[in-house]
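Taking it in order: structure first as structure tokens, then the write-up.
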């Protein structure tokens, strides 16, 4: 299934003007990289994949709108999946995109 194009446009709007921004289709989604590090991705069904510090995950996972990201049945440390229900407002999307941006901005450029 292809990524959600409406979500991708919303993410693009949030990230507009961010230095070092690129996007790339990957794993059925559209990933947004900052200085070579993927911060967030638009997935299928309106879900947002967010890169975070693994130490922060327990505080942000609620088991409903925010869950650990799984790929091929395995949890991906440092990634959360935020459902479309948790992204209905621009403020909610900005919060989650901001978390992904903050994490990758703390990493050395690639």
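In the UniProt record's numbering, the protein residues as written are 1 to 110.
All residues carry an ideal CB built from backbone N, CA and C; glycine is no exception.
Here the structure is a predicted model, which means the values were calculated and not measured.
Taking only three categories from DSSP, how would you classify residue i?
i, result
"residue 89", "coil"
"residue 75", "strand"
"residue 68", "strand"
"residue 124", "As shown, the chain starts at 1 and ends at 110. That puts residue 124 outside it, with no answer to give."
"residue 97", "helix"
Please check the pair residue i and residue j, which I expect to be a contact at CB under 8 Å, by giving their CB distance rounded to whole angstroms.
i, j, result
"residue 80", "residue 66", "6 Å"
"residue 100", "residue 51", "5 Å"
Just the Cα atoms here: how many angstroms apart are residue i and residue j?
i, j, result
"residue 39", "residue 103", "7 Å"
"residue 46", "residue 30", "12 Å"
"residue 2", "residue 8", "11 Å"
"residue 61", "residue 105", "22 Å"
Considering just the uninterrupted stretch of the beta strand (DSSP E) at residue i, what are its terminal residues?
i, result
"residue 30", "29-34"
"residue 14", "Where residue 14 is concerned, there is no enclosing beta strand (DSSP E), although the alpha helix (DSSP H) it sits in stretches over 5-15."
"residue 42", "37-42"
"residue 110", "Looking at the DSSP string, residue 110 is not in any beta strand (DSSP E), and its letter there is neither H nor E."
"residue 50", "48-51"
Can you list, in chain order, the residues of its chain with a C-beta nearer than 8 Å to that of residue i? Leave out the 5 residues immediately preceding and following it.
i, result
"residue 71", "27"
Residue i lies in the alpha helix (DSSP H); which residues open and close that run?
i, result
"residue 54", "From DSSP, residue 54 is part of no alpha helix (DSSP H); its letter is neither H nor E."
Spatial neighbours of residue i within its chain, please: C-beta separation below 6 Å, excluding the five flanking residues on both sides.
i, result
"residue 10", "93"
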